[in-house]
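**Q**
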Amino acid sequence: AGKDIEAACNAIEELEDTARLALLTRGMEPIQLTPSQIQSVVKRFDVEWSN
Numbered sequence: 120a121g122k123d124i125e126a127a128c129n130a131i132e133e134l135e136d137t138a139r140l141a142l143l144t145r146g147m148e149p150i151q152l153t154p155s156q157i158q159s160v161v162k163r164f165d166v167e168w169s170n
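Counting along the sequence shown from 1, when you hit position 36 you're at 155 in the working numbering, and nothing is skipped either side.
#1: Assuming residue 168 and residue 150 are in contact, meaning their beta carbons sit under 8 Å apart, how far apart are those beta carbons, in whole angstroms?
#2: According to DSSP, is residue 167 helix, strand or coil?
#3: Going straight from the alpha carbon of residue 147 to that of residue 161, what length do you get?
#4: Taking residue 136 as part of the alpha helix (DSSP H), name the residues at either end of that continuous run.
#5: When you compare only the Cα positions, how much space is there between residue 165 and residue 144?
Structure (structure tokens):
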């Protein structure tokens, strides 16, 4: 959930996008990001990330 209605709506949209990607890649073998690549994305876009 979010701190307010806008944050909650954003979280729902992110969940929908994640589900869509999961369905689109079902049966495929997508190449996962390496830990180093993940850290680059986290740093570049200033996002929170925990393992």
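We treat Cβ as the ideally placed atom computed from N, Cα and C, and that holds for glycine.
**A** Let me spell this out:
#1: The pair is not a contact, with the Cβ atoms about 19 Å apart (cut-off 8 Å).
#2: coil
#3: Near 25 Å, if we compare the C-alpha coordinates of residue 161 and residue 147.
#4: For residue 136, the enclosing alpha helix (DSSP H) stretches over residues 124–143.
#5: 26 Å
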